[in-house]
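Report on the following structure.
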Amino acid sequence: MVDLVKLEQWVKDHPEGAAEPFMNITTQRKITLNTVYKELKQEKETGVAIVDEDLLAIVRDLDDWLQEV
């Protein structure tokens, strides 16, 4: 699972990068890291799991990426 503390810090340290849309090549969906962070934060606060398969694919990739940075 994505380290929310690390993601939150990255979003704060890189506001322009976090607002820049990127495309998941597999799903062709454009999204920002700000949006992903908000969705993950909401999931943690409410306990309601993310069920959007496109977003889940992005979260898996994001988890791998955060381990590298």
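The UniProt record's numbering puts the first residue of the sequence shown at 1, with every later residue one more than the last.
Every residue, glycine too, gets a C-beta built ideally from N, C-alpha and C.
- Counting along the chain, the unbroken alpha helix (DSSP H) around Ile58 starts and ends at Glu53 to Glu68.
- Note that the C-beta distance between Lys44 and Leu4 is below 8 angstroms.
- Cβ contact annotation for Ala57 (same chain, cutoff 8 angstroms, sequence separation greater than five): Asn24, Thr26 and Thr27, in chain order.
- As for any alpha helix (DSSP H) of minimum length 4 sitting wholly inside the stretch 1 to 42, the runs are 4 to 13 and 15 to 19, ordered along the chain.
- Within a 10 Å sphere around the beta-carbon of Val48 sit fewer than 16 other beta-carbons, which makes this residue exposed.
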